[in-house]
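Visitor: Numbering (numbering that gives the first Met the number 0), first residue to last: 0 to 234.
We put the CB at the ideal spot given by N, CA and C, even for glycine.
A single structure is presented below for examination.
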Amino acid sequence: MDRRAGGQAKARRAFLPLPFGRCSWHHVAGRGSTVMPTRNDRSSGMSVVEALRVVADLCCGQQIVVTNQGSARIWPKLRRRPLDVHYNPSTMSGAIPLALGLALAQRHREVLAISGDGSLLMSLGSLVTVVGSGATNLTIVLLDNGLYEVTGGQETPAARMAIDYAGIARAAGFPTSLEFRDLSDWRARAADVLTLPGPRFIRLVVSAAPAEYLTGSTPPLPEQLAGLKTSLEIA
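Next up, the structure:
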């Protein structure tokens, strides 16, 4: 039995040569890839609270907003609207698919999905789905801080790599795909950017959220959806 188990372990290592022992994820992930911490350093990114405040101030009364994970905790502290859906808990990467469904069902309304980079990494294919659907009334705002913030602030696999999220969206077919690293630039251009042809993808390079903005829970999802149906006048 011991020899057979040892043989199986050797076979697994031959087919899947993963590192064994204690080693850093980024040491492994960096093999065969370019690790560029300076270019993608989020510590100098804009304040995530102020970046979202720009969006909240521009949000019109008939617009649907879907948040998820960290943004679902920050957004209600900035603005509360009957057309907001805070898609928690245990729905990481769910904001974009839900927002797309709402955009297809409510084509006369603009729909905004606010997603973190960790969530997007779980469902990059959703960008292709968005473009393939033909929905033009959807805007995706990506908050990129390189962290899985709500689970303790662990770095994402892409945290130290120069991942061009806006470039990925552009390659998927988004007619509007832009990136902002400076808060003053974002403030100056946001109103115009949000009226460009859709679907739109906007990457905001942000710093970690203050701890006080990540506290509290979101209302139960059935309660939120019931309120949304009432606001949309859906029987």
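Suppose the cutoff is 8 Å on Cβ atoms and the five residues either side in sequence are ignored; what does the same chain contact list for residue 98 look like?
Guide: For the purposes of this step, residue 98 is taken as residue 99 along the sequence shown, with counting starting at 1. Around residue 98: 63, 65, 110, 111, 112, 137, 139.
Visitor: Look up residue 83 in the DSSP assignment and say whether it is helix, strand or coil.
Guide: As a first step, residue 83 must be located in the sequence shown, where it is residue number 84. Strand, per DSSP.
Visitor: If we count Cβ pairs, one from each stretch, closer than 8 Å, do we get three or more for the region 159-166 versus the region 127-134?
Guide: Not touching, per the Cβ criterion.
Visitor: Which value, in whole angstroms, describes the spacing of the CA atoms of residue 153 and residue 207?
Guide: Here residue 153 corresponds to residue number 154 of the sequence shown, with the count starting at 1. Here residue 207 corresponds to residue number 208 of the sequence shown, with the count starting at 1. If I take the Cα positions, the gap works out to 11 Å.
Visitor: Could you check whether the region 176-187 touches the region 42-58, counting it as contact only if at least three pairs of C-beta atoms, one from each stretch, sit closer than 8 Å?
Guide: Yes, since at least three Cβ pairs between the region 176-187 and the region 42-58 fall closer than 8 Å, the two stretches touch.
Visitor: What span of residues does the alpha helix (DSSP H) with residue 167 cover, start to end?
Guide: Against the sequence shown, residue 167 aligns to sequence position 168. Run containing residue 167: 164-171, per the alpha helix (DSSP H) assignment.
Visitor: Tell me the start and end of each unbroken beta strand (DSSP E) in the region 46-100 that is at least 3 residues and wholly inside, in chain order.
Guide: List check, beta strand (DSSP E) in window: 63-66, 83-85.
Visitor: Is it right to say residue 59 is buried, meaning 16 or more other beta carbons lie within 10 angstroms of its own, or is it exposed?
Guide: Locating residue 59 in the sequence shown gives position 60, counting from the first residue. Under this definition residue 59 is an exposed residue.
Visitor: Within the continuous alpha helix (DSSP H) that includes residue 227, where are the two ends?
Guide: For the purposes of this step, residue 227 is taken as the residue at position 228 of the sequence shown. Looking at the DSSP string, the run of the alpha helix (DSSP H) that includes residue 227 is 220-230.
Visitor: Should residue 190 be listed as close to the ligand GDP, given that the test is whether its C-beta is under 6 Å from any heavy atom?
Guide: With respect to the ligand GDP, the structure offers nothing, as it holds no ligand at all.
Visitor: Give a yes or no on whether the C-beta atoms belonging to residue 202 and residue 164 are separated by under 7 Å.
Guide: As a working note, residue 202 is residue 203 in the sequence shown. As a working note, residue 164 is residue 165 in the sequence shown. Result yes, Cβ atoms of residue 202 and residue 164 sit closer than 7 Å.
Visitor: Are the Cβ atoms of residue 118 and residue 68 separated by less than 7 Å?
Guide: Taking the sequence shown and counting its residues from 1, one reaches residue 118 at position 119. Taking the sequence shown and counting its residues from 1, one reaches residue 68 at position 69. The answer is yes: Cβ separation under 7 Å.
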